[in-house]
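These protein sequences, in sequence, are chains U and F.
Read in order, the letters of the first sequence are residues 365 to 696 in this note's numbering.
Read in order, the letters of the second sequence are residues 13 to 159 in this note's numbering.
Before any comments, here is the structure.
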Amino acid sequence: MTFFYKNVYFEDTATIVGPYEKKGPLRKYFDKSYNDFYFGEDSFEKGEIKLVRDCLILILKKIGKKKEDVDLVLGGDLLNQITASTYGCYGVGNGFIGVYGACSSSVLEIIIAANFIEHQLIQNAICLVSSHNLTSEKQFRYPIEYGALRPNSATFTATGSACCFLSSSRMKVRVECATLGRIIDYRQDNPNDMGRVMAPAAIDTMKRHFQDTGRTPNDYDLIVTGDLGKYGVEIVKDYMLQVYQIDLSNNYHDCGVMLYDLEVQKEVKAGGSGPVCGPLVVYSYLFDLLKKKQYHRILFLATGALFSPQLIYQKEKINSICHAVSLEAVSC
Amino acid sequence: MKNTKYERIADFHKASEDRLKNAVIAFFSGGFLGALAEGMIEALCSWFSFSRTISSTIMIIFFIFLGSLCTALGFFDKLVEIFKCGLLIPITGFAHSMTSCSMDYRKEGPIYGIGSNMFKLAGSVILYGVLAAWFFGLIRYLLGGVG
């Protein structure tokens, strides 16, 4: 299902990162960074809430608006009951929608907000996502300090918070169209190889996007997936070429690979992951390139793995989902 | 239904793991830790004239303390990255699992946090350790091995 928009613009973005992302190659594009995982709070969960609050304060400052000027706030994260968003977004905006799409939340939020704005139900919206490496470790994997050995296919949950301010007033970057993903089950069961789990969803949404729009990869300056990691990227490229004869070799990349320097930051293994991984790259570096018109149109596919540790132990498979949004540079 | 075409492509791009290297490192690091512990028992026996049972107990307490301390100071997981499972299989790994669980949940308080989560990883080891001990004790009894 693909929606086209005429009046939805990316007014501004804000990104805050943790210590590992700060050492990555995109460091100069982030608005704010921290050196530790507590962010001045006494627990990691509270630290993530602080990240969300900080990000909201930052975006409001950048666009020069007050808390009550915002029509809608959409928040998503990985904590149980998406509490980082629900606690962190308190007091901002006239309406709140909590979104859970695992690591695909960011684009799902943009699609929801864009539909509201396009139909003039609201004037503007903030779409915010956050994730925290250590709260995710604790929730999905092993205790934080536990030295569980991670295989090379494992990805590293990015720490940070990223948001974008969408509005109906004309700006340099617009949300051009979006494809809503569907739940994909390819009978994958390895939580340590998320690239392999989520690649089928990216393939499905990408193929349907090209089908619905009648476009080819060459219509985009860049196609980026959210957090497939270096092995997932190869799977997508190979599968698209072999099965659908779509060549992605020229302009396809992955935010999880772009966010870190995989040669130097060995601890991230196959690359970054988490809801914030894609937005940290798209809302900072790629948004910058779009504003400068170095890129004219990009396709951002946020991929998410839909699972819980309980269901993995109950021998269930991991489903995945991917939503796509096309961002375009316009003259204002 | 598995998509065989997908499985084939995904298998082709699978991350490689150097299992042999990891096993060799674990063999030597674990062996070194064991030798160190044995040396400690011998030293305690000869320097302080403790019995072997007492020396073993002191040695175990010492390594549990060491494992917990390194975990609390935050570098046990980094040591595991280097020395692999050689540090996780001995008693240091057991101590490490309990300390790391307790540290994770310390903010939830002594009852709902530390108390109820401390054995999250170690619980299985204790339960099946006790069961296995009972089972092998039974076999030994049936074979008439108990004096």
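Beta carbons are placed, not taken as given, at the ideal position from N, Cα and C, and that holds for glycine.
Among residues of its own chain, excluding the 5 on either side of residue i, which ones have a beta-carbon nearer than 6 Å to its beta-carbon?
i      : result
U/D557 : S517
F/M52  : M71
U/A466 : G668, A669 and L670
U/I610 : M604
U/S684 : I548, V561, M562, A565 and A669
Who does residue i pair with in a DSSP beta bridge?
i      : result
U/I461 : U/L438
U/E692 : U/R538 and U/R661
U/L492 : U/G439 and U/C527
U/F520 : U/G636
F/F147 : DSSP lists no partner for F/F147.
U/C686 : U/T667
U/D376 : U/F529
U/V381 : U/S397 and U/G524
Quick one: grab the DSSP three-state call for residue i.
i      : result
U/K315 : Any answer about residue 315 of chain U is impossible in this case: the structure gives chain U only from 365 up to 696.
U/H573 : helix
U/R551 : strand
U/F529 : strand
F/S112 : helix
U/Y454 : coil
F/S41  : helix
U/L670 : strand
U/D625 : coil
F/Y181 : Residue 181 of chain F falls outside the range modelled here, since chain F spans only 13 to 159, and no answer is possible.
U/D618 : strand
U/L586 : strand
U/T366 : strand
U/T499 : helix
U/T580 : coil
Please report the distance separating the alpha-carbon of residue i from that of residue j.
i      : j      : result
U/L438 : U/I461 : 5 Å
F/L133 : F/S109 : 6 Å
U/G404 : F/A144 : 47 Å
F/N15  : U/H573 : 21 Å
U/D585 : U/S690 : 11 Å
U/A669 : F/M115 : 28 Å
U/G459 : U/S449 : 13 Å
U/M570 : F/S128 : 45 Å
F/E29  : F/F88  : 22 Å
U/V588 : F/L78  : 46 Å
U/N678 : U/R505 : The residue asked about is misnamed: residue 678 of chain U is Gln in this sequence, not Asn. Whole-angstrom Cα-Cα distance: 15 Å.
U/G388 : U/L592 : 17 Å
Could you tell me which of the options sits nearest to residue i, measuring between CA atoms?
i      : options                           : result
U/V471 : U/H483, U/G596, U/V607 and U/I490 : U/I490
U/T499 : U/C541, U/L443, U/S531 and U/G452 : U/L443
U/L513 : F/G149, F/Y153, F/S136 and F/I101 : F/I101
F/A27  : U/Q629, U/I599 and U/A565         : U/I599
F/D1   : U/Q678, U/Y616, U/D576 and U/R560 : The displayed coordinates of chain F run from 13 to 159. Any statement about residue 1 of chain F would go beyond what the structure contains.
U/D602 : U/Q484, U/L612 and U/Y550         : U/L612
U/S533 : U/Y373, U/D406 and U/S397         : U/Y373
U/I508 : F/D30, F/C113 and F/S61           : F/C113
U/D583 : U/Y608, U/D591, U/K681 and U/N615 : U/N615
U/I567 : U/D553, U/G596, U/T577 and U/G578 : U/G596
U/F394 : U/T447, U/C527 and U/D591         : U/C527
U/G524 : U/K386, U/S684 and U/M365         : U/K386
F/I21  : U/I685, U/P673, U/Q629 and U/Q606 : U/Q606
U/K426 : U/T377, U/E432 and U/V416         : U/T377
U/C696 : U/Y550, U/V537, U/L623 and U/H660 : U/V537
U/V646 : U/D576, U/S495, U/V416 and U/L623 : U/L623
Which same chain residues, not among the five before or five after residue i, have their C-beta less than 8 Å away from its C-beta?
i     : result
F/I76 : I103, T104, F106 and A107
Residues in its own chain within less than 7 Å of residue i by CB, not counting five upstream and five downstream?
i      : result
U/A478 : Y369, V372, L530, V539 and A542
F/Y117 : G125, I126 and N129
U/T577 : T366 and C541
For residue i, would you say it is in contact with chain A, using Cβ-to-Cβ distances shorter than 8 Å as the test?
i      : result
U/P383 : Among the chains of the structure shown, chain A does not appear; the protein chains present are U and F.
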